[in-house]
Amino acid sequence: MPAPPSLTPEQRKAALDKAAAARRQRAELKDKMKMGSLTLRELLDQASADEVVGKMKVLAVLESLPGLGKVKARRLMEEIGISDTRRIQGLGANQRQALFEKLAARP
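This is how it looks when you write it as structure tokens:
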């Protein structure tokens, strides 16, 4: 396994700050989804313009939807054929459409 790149203390701090800001933004987005002030469609639309949103895992996003927990989210992804490790930016048009249809049909 290769050694990690050597960074100056300033570069390391900048990288850590960038990672912390990304985690904070992802947490805020998931909270907005839980509260219902942000829809899945709006989040997926943001993914093309925002790198942080695009790198969110689909499973984590689905789990943050109201009424959809870990088990139901995994089951939904299995039905559609989406891998557990898939990120939002990696979703195809057919997978997105299938997600919208399944979630709309959900009671």
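Taking our numbering, the leading residue of the sequence shown gets 3, the next gets one more, and so forth. Ideal placement from N, C-alpha and C gives every residue a C-beta, glycine not left out. From a predicted model like this one, the values you see are computed outputs, not experimental measurements.
For the region 50 to 66 against the region 4 to 16, do three or more pairs of beta-carbon atoms, one drawn from each stretch, fall closer than 8 angstroms, so that the two count as touching?
No: fewer than three Cβ pairs fall under 8 angstroms.
Using 8 angstroms as the Cβ pair cut-off and three pairs as the minimum, do the region 60 to 78 and the region 26 to 35 touch?
These segments touch.
Nearest-angstrom Cα distance between Lys104 and Leu78?
Numbered from its first residue, the sequence shown carries residue 104 at position 102. Numbered from its first residue, the sequence shown carries residue 78 at position 76. Roughly 8 angstroms separates the two Cα atoms.
Is it the case that the Cβ atoms of Arg76 and Leu93 are separated by a distance below 8 angstroms?
Locating residue 76 in the sequence shown gives position 74, where the first residue counts as 1. Locating residue 93 in the sequence shown gives position 91, where the first residue counts as 1. No, they are not a contact pair.
Using DSSP's beta-bridge definition, name the partner residues of Ala89.
The sequence position of residue 89 within the sequence shown is 87, counting from 1. A quick correction: the sequence has Arg, not Ala, at residue 89. Answer is Lys59, bridged to Arg89.
Runs of 4 residues minimum, wholly inside the region 23 to 68: which ones carry the alpha helix (DSSP H) assignment?
Qualifying alpha helix (DSSP H) stretches, in chain order: 42 to 49, 53 to 56, 60 to 65.
Between which residues of its own chain and Gln91 is the CB-CB distance below 7 angstroms, once the five residues before and five after are set aside?
As a working mapping, residue 91 is identified with position 89 in the sequence shown. In chain order, Ala49, Gly56, Lys57 place their CB closer than 7 angstroms to the CB of Gln91, counting only its own chain and leaving out the 5 sequence neighbours on each side.
Just the C-alpha distance for Pro4 and Asp19, rounded to the nearest angstrom, thanks.
Start at 1 with the first residue of the sequence shown, and residue 4 comes out as number 2. Start at 1 with the first residue of the sequence shown, and residue 19 comes out as number 17. Cα to Cα, Pro4 sits roughly 24 angstroms from Asp19.
DSSP-derived helix/strand/coil call for Leu9
Numbered from its first residue, the sequence shown carries residue 9 at position 7. Three-state result, Leu9: coil.
Just verifying my parser: in three-state terms, what is the DSSP assignment at Arg108?
Walking along the sequence shown from the start, residue 108 turns up at place 106. Arg108 falls in the coil class under three-state DSSP.
Let's test the definition: count the other Cβ atoms within 10 Å of the Cβ of Val73 and tell me whether it reaches 16, buried, or not, exposed.
Against the sequence shown, residue 73 aligns to sequence position 71. Flag for Val73 reads exposed.
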